Amino acid sequence: MIKAAQRRSGTDKTNRYWLVTAAITTFLVVLPVISVFYLAFFPEENIWPHLFNTVLPDYIENTLILMAGVGTCCTLIGVGCAWLTSQCQFPGRKLMSWLLLFPFAVPAYVIAYTYTDLLEYAGPIQIELRNLFGWTSPNDYWFPEIRSMAGAITVMSLVFYPYVYMLARAAFLDQSSSLFIASRSLGRTPWQSFFLVSLPTIRPAMAVGLSLVLMETLNDFGTVDYFAVRTLTAGLYDTWLNLSNVGGAAQIACVMLVFVITLVLSERHSRRKVTLYHNNATTDNGNRIMLTGIKGILAAIGCFIPVLLGFLIPSSLLSYYAFNYFDISWNDQFLAYSRNSFVLSVSAVLVTILVGLLLSYTNRLIKSGPTRFFVRLSTLGYAMPGAVLAIGVIIPLAAFDNTIDNLALQWFDTATGLLLSGSLFALVFAYSIRFLAISTGSVESSLEKVTPNMDLAARSLGKNPLATLITVHVPIISRGIVTAALVVFVDCMKELPATIILRPFNFETLATHVYQFASDELLEECALSALLIVLVGIIPVVLLSRTIDKRQP
642 MIKAAQRRSG TDKTNRYWLV TAAITTFLVV LPVISVFYLA FFPEENIWPH LFNTVLPDYI
702 ENTLILMAGV GTCCTLIGVG CAWLTSQCQF PGRKLMSWLL LFPFAVPAYV IAYTYTDLLE
762 YAGPIQIELR NLFGWTSPND YWFPEIRSMA GAITVMSLVF YPYVYMLARA AFLDQSSSLF
822 IASRSLGRTP WQSFFLVSLP TIRPAMAVGL SLVLMETLND FGTVDYFAVR TLTAGLYDTW
882 LNLSNVGGAA QIACVMLVFV ITLVLSERHS RRKVTLYHNN ATTDNGNRIM LTGIKGILAA
942 IGCFIPVLLG FLIPSSLLSY YAFNYFDISW NDQFLAYSRN SFVLSVSAVL VTILVGLLLS
1002 YTNRLIKSGP TRFFVRLSTL GYAMPGAVLA IGVIIPLAAF DNTIDNLALQ WFDTATGLLL
1062 SGSLFALVFA YSIRFLAIST GSVESSLEKV TPNMDLAARS LGKNPLATLI TVHVPIISRG
1122 IVTAALVVFV DCMKELPATI ILRPFNFETL ATHVYQFASD ELLEECALSA LLIVLVGIIP
1182 VVLLSRTIDK RQP
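This is the structure:
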C-alpha cells in the first residue's frame, strides 16, 4: 500500500510538471495578443482619434467589401464544384475532384503579380488587342483594371476557394444519399433537392470553410499592397513602417482582432445551431446524377475554369519566365534566399512539432478542463493575421532586448543590441505561434486513435510518460507528424506578412524576394523564386488529393 501511494504521488508530481510546462507554453502563444491590446490601450502616442476621423473608416469599409466579395465568390465556386464532383457523374469528374485543389499551391500575392503582368496596359493581352483592332491609346477602348478592388476579389477567390470546396465536398460525401433520393421521389427537381435538402445539411462545413477564407483574406498583404487596396492590413503596415508609430499600428491590429474574434464566434455559433445526423449510406456511383451530352461538357468546363485560372495560367507564366530568365535568376542570391527560407521553415517545423506533441500528450495524460483549455488556446495563433502577430511578437521581444541592453550598459558598459527582436528568433517564434494549430491538430487526432492500453502497458514496464511518448506513441503516430511537418513547412515558405516586418536587416526569403522584385515590375527576374514556392506548395495538395481518392472511388 505504501509503494502504491508512493507511485501515485510520483505520478501526480510528473503530471504536474507536464501541466505547468503546457501552461507556460500556452502563455507564450497568447503573449502576442496580450501585447497588442496592452500597447493599443497604453501607447506612447495616442493617434486613435486621428485614425478614427481620417483613414480608419476607409480601411474598415474596404476590408468589409473585400471579405464580402471573396467570401461570396469562394462559396459559389467551392460549393458548386463540390456538388458537381461528389453528387454528379460527368466526363473527367475524378480528375477534376483533385485538380480543383491545386490553386491551394499558389499564394495570393503570386497570382496577383502574374495576372497583373498579363492584363496590365503593357501586358501581352492588351498589346494583342491593340494590334488586332488598331487601337492606339487607352481612350480607344475599355479594359477592366486588374489593380482594383474587383481585381483583388477575383485573384483571392481563385486561390482561396479550395477551403470551401474541400470541406463542402467532404460534407457532401458524408451525406446520406437517401435524403436526396427521398426528395427526388417527392417530385422535386435536382436543383430543388440541392437547395432544400443537400445545401442546408452542409452548413457547418460551409461555415468552417468560409471562416478560413475570410481569415486568409484579412491576413493578405501582398495582394492588397500591390493593388493599392487600402485595407486594415495595408493600413497597419503603413502606420508602422512609414509613420513609425507602433502604438497606432497596435490600435489597428486590435480592430483586426475584433474581426477575427467575430469570425471565430460566428463559425462556432453556426455549427452549434445545426445538429445533423447521417447514416453510413454515403454517395456512390449508382446514386450520382448522370450528366451526359452538353450537360456533362458544361459541368467539366465549369470545374476546369477555376483550375485553369487559379493554377495552370499562373504556373505556366512563371515556368515560361523561369526558363527564359534562368541565367539571370539562378545566382548566389537565389541560393541564399532558398537557404534562408529552408532554414526558417525547418526551424519552425521542429518547434511546432515538439510543442504540438507536448500539448497533445499533456491533454491525453491529464484529462481535465485546464489541459483542454490550454490546447484550445494554443491554436489561437492560426486565426491571427500575420501582421497582427508580428506586432504582438516584436513588442515583448523588444522590451526584453531593451531591458538586457540597459542592464549590460549599467553593469558592463557594453551594449548588447537586439538579441531577439533583431534576429531570426523573432521569425521562428512568430511562425511557430501562427502554425502551431496545424501540428497540434494533427498530433492530437493521431493520438486519439491510439488505444489507452498502450499507455498502461508501457507503465507496467516501468516507463515514465516521456519515455512512453518517445518510444511508444511517436512511432505509432509518425504519419500524422510527417503530414503536419510538411504542411507547416509549406506555410512557412509562403508566409509574407509576418516575414516582411520581423526579418533581420538585409535578410531575404523567397517570399520577400518575390514581393520586392514584383513590386518593382521585375516579375521575370523573380519568377524562379515564385515557381519554387508554388512547387513546394503542391506537397500538401498531393496529400489532400490522396485523401480524396481514399474517400471516394
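One point on numbering: in this note's numbering, the residue at position 25 of the sequence shown is 666, and numbering is uninterrupted.
Think of the CB as a built atom: it goes at the ideal place given N, C-alpha and C, for glycine as much as any other residue.
Note that this is a predicted model, so its numbers are computed, not measured.
What does DSSP give as the partner residues of C729 in its beta bridges? Indexing the sequence shown from 1 puts residue 729 at position 88. Residue pairing by DSSP places C729 opposite I930 in a beta bridge.
Quick check on T1092: does DSSP put it in helix, strand or coil? In the sequence shown, residue 1092 corresponds to position 451, counting from 1. Looking at T1092 - three-state DSSP - the assignment turns out to be coil, as it is neither helix nor strand.
Is any non-hydrogen atom of the ligand MG found closer than 7 Å to the C-beta of M931, if you look at the structure I gave you? As far as ligands go, the structure on display features none, and thus does not contain the ligand MG.
Just the C-alpha distance for Y1072 and T777, rounded to the nearest angstrom, thanks. On the sequence shown, residue 1072 is found 431 positions in, with the first residue counted as 1. On the sequence shown, residue 777 is found 136 positions in, with the first residue counted as 1. In a straight line, the C-alpha of Y1072 is about 49 Å away from that of T777.
Of the listed residues T1092, R1187, V1034, V1113, nearest to T1124 (C-alpha basis): As a position in the sequence shown, residue 1124 is number 483, starting the count at 1. When C-alpha distances from T1124 are compared across T1092, R1187, V1034, V1113, the shortest belongs to R1187.
Going by C-alpha to C-alpha distance, which of S798, L736, I701, L741 sits closest to G710? If you number the sequence shown from 1, residue 710 lands on position 69. Shortest Cα-Cα distance from G710 to any of S798, L736, I701, L741 involves S798.
T713: which of Y762, M847, E685, S727 sits nearest, CA to CA? For the purposes of this step, residue 713 is taken as the residue at position 72 of the sequence shown. For the residues Y762, M847, E685, S727, the minimum Cα distance to T713 belongs to M847.
How would you write the range of the alpha helix (DSSP H) that W689 sits in, first residue to last? Along the sequence shown, one-based indexing puts residue 689 at 48. Its alpha helix (DSSP H) spans residues 689-694.
Proximity to L999 [Cα-Cα], best of P1093, Q974, A1108, L1176: Translated into positions along the sequence shown, residue 999 becomes position 358. For L999, the nearest C-alpha among the options comes from A1108.
N-terminal and C-terminal residue of the alpha helix (DSSP H) that Y806 is part of: Walking along the sequence shown from the start, residue 806 turns up at place 165. First-last of the alpha helix (DSSP H) with Y806: 790-815.
Taking the C-alpha atoms as reference points, what is the distance between V796 and A1028? By 1-based counting over the sequence shown, the position of residue 796 is 155. By 1-based counting over the sequence shown, the position of residue 1028 is 387. Rounded to the nearest angstrom, the two C-alpha atoms are 20 Å apart.
Is Y978 near S1170, with beta carbons less than 8 Å apart? In the sequence shown, residue 978 corresponds to position 337, counting from 1. In the sequence shown, residue 1170 corresponds to position 529, counting from 1. Going by C-beta atoms, Y978 is nearer than 8 Å to S1170.
Whole-angstrom distance between I938 and D699, CA atom to CA atom: Stepping through the sequence shown from its first residue, residue 699 is reached at position 58. Stepping through the sequence shown from its first residue, residue 938 is reached at position 297. Going from the Cα of D699 to the Cα of I938 covers about 44 Å.
With a threshold of 16 other CB atoms inside 10 Å of the CB of Y754, please say whether the residue is buried or exposed. If you number the sequence shown from 1, residue 754 lands on position 113. Burial call: buried.
Residue range of the alpha helix (DSSP H) that includes G1121: Here the question's residue 1121 lines up with position 480 in the sequence shown. Counting along the chain, the unbroken alpha helix (DSSP H) around G1121 starts and ends at 1119-1135.
Compare the Cα-Cα distances from G1063 to each of P1106, F975, Q1051, I1141 and report the closest residue. Numbered from its first residue, the sequence shown carries residue 1063 at position 422. Residue I1141 is the option with its Cα nearest to G1063.
Is it the case that the Cβ atoms of N1178 and A746 are separated by a distance below 8 Å? Along the sequence shown, one-based indexing puts residue 1178 at 537. Along the sequence shown, one-based indexing puts residue 746 at 105. Here residue 1178 turns out to be Gly, not Asn, going by the sequence shown. Yes.
Please say whether T1003 and V1129 have beta carbons closer to each other than 8 Å? The residue given as residue 1129 occupies position 488 in the sequence shown. The residue given as residue 1003 occupies position 362 in the sequence shown. No; because the gap between Cβ atoms is not below 8 Å, this pair is not in contact.
Residue environment, L827, which counts as buried when at least 16 other CB atoms sit within 10 Å: Working through the sequence shown from its first residue, we reach residue 827 at position 186. A residue is called buried once 16 or more other Cβ atoms fall within 10 Å of its Cβ, and L827, having fewer, is exposed.
Which complete beta strand (DSSP E) runs does the segment 999-1040 hold, if anything under 3 residues is left out? Complete beta strand (DSSP E) runs here, min 3: none at all.
Whole-angstrom distance between A963 and L808, CA atom to CA atom: As a first step, residue 808 is located in the sequence shown; it is residue number 167 there, counting from the start. As a first step, residue 963 is located in the sequence shown; it is residue number 322 there, counting from the start. Linking L808 to A963 through their CA atoms gives a straight-line distance of about 34 Å.
Residue from T1153, F1015, F900 with nearest C-alpha to A663: Here residue 663 corresponds to residue number 22 of the sequence shown, with the count starting at 1. Minimum Cα-Cα distance from A663 among the listed residues T1153, F1015, F900 corresponds to F1015.
Just to confirm my understanding: we take A723, look at its own chain, exclude 5 residues before and 5 after, and list those with CB closer than 7 Å. What are they? Counted from its first residue, the sequence shown places residue 723 at position 82. So the list reads Y806, A809, R810, F813, once near-sequence residues are dropped.
In terms of alpha-carbon separation, which member of Y1023, D973, T1044 lies closest to L1077? Numbered from 1 along the sequence shown, position 436 holds the residue referred to as residue 1077. Closest option to L1077, Cα to Cα, is Y1023.
Which whole-angstrom value describes the C-beta separation of L1021 and V671, a residue pair presumed to lie in contact below a C-beta threshold of 8 Å? Here the question's residue 1021 lines up with position 380 in the sequence shown. Here the question's residue 671 lines up with position 30 in the sequence shown. About 6 Å; that satisfies the 8 Å criterion.
Which residues in the same chain have their Cβ closer than 6 Å to the Cβ of E1165, if we skip the five residues on either side of it in sequence? Mapped onto the sequence shown, residue 1165 falls at position 524. By the criterion of a C-beta distance shorter than 6 Å, E1165 is surrounded in its chain by Y962, Y966, once the five residues flanking it on both sides are discounted.
Segment limits, alpha helix (DSSP H) that includes R771: Residue mapping note: residue 771 aligns to position 130 of the sequence shown, counting from 1. Where R771 is concerned, the enclosing alpha helix (DSSP H) stretches over 765-774.
What residues in its chain sit with their C-beta under 6 Å from that of Y802, if we drop five residues either side in the sequence? Along the sequence shown, read from residue 1 onward, the residue named residue 802 stands at position 161. Once the five neighbours on either side are set aside, the close Cβ partners of Y802 are C715, I718, G719.
Quick one: residues in its chain with C-beta nearer than 8 Å to the C-beta of G951, no 5 flanking neighbours on either side, listed in chain order? For the purposes of this step, residue 951 is taken as the residue at position 310 of the sequence shown. Excluding sequence positions up to five before and after G951, its CB lies within less than 8 Å of the CB of F743, P744, V747, I752, L799, V800, Y802, all in the same chain and listed in chain order.
Member of L1143, K1135, E1162, R1144 whose CA lies at the smallest distance from the CA of L1151: Within the sequence shown, numbered from 1, the residue matching residue 1151 stands at position 510. Comparing alpha-carbon positions, the option among L1143, K1135, E1162, R1144 lying closest to L1151 turns out to be K1135.
Going by alpha carbons, who is nearest to T970 out of V990, L1163, N703? Position 329 of the sequence shown holds residue 970. Here the sequence assigns Ser to residue 970, which means Thr is not the residue at that position. The shortest C-alpha separation from S970 is found at L1163.
7 Å CB neighbourhood of M931 in its chain, flanking five on each side removed: By one-based count along the sequence shown, residue 931 stands at place 290. Cβ within range, chain order: Q730.
For V1084, I'd like the list of residues in its chain whose CB is within less than 7 Å of its CB, leaving aside the five on either flank, ordered along the chain. Residue numbering aside, residue 1084 sits at position 443 when the sequence shown is read from its first letter. Only G997, L998, S1001, I1118, G1121, I1122, A1125 meet the Cβ criterion.
Cα-Cα separation between V677 and F693, rounded to whole angstroms: Looking up residue 677 in the sequence shown gives position 36. Looking up residue 693 in the sequence shown gives position 52. If I take the Cα positions, the gap works out to 18 Å.
Under 8 Å between C-beta atoms of A941 and M708: Taking the first residue of the sequence shown as 1, we reach residue 941 at position 300. Taking the first residue of the sequence shown as 1, we reach residue 708 at position 67. No, the pair does not count as a contact, with Cβ atoms beyond the cut-off.
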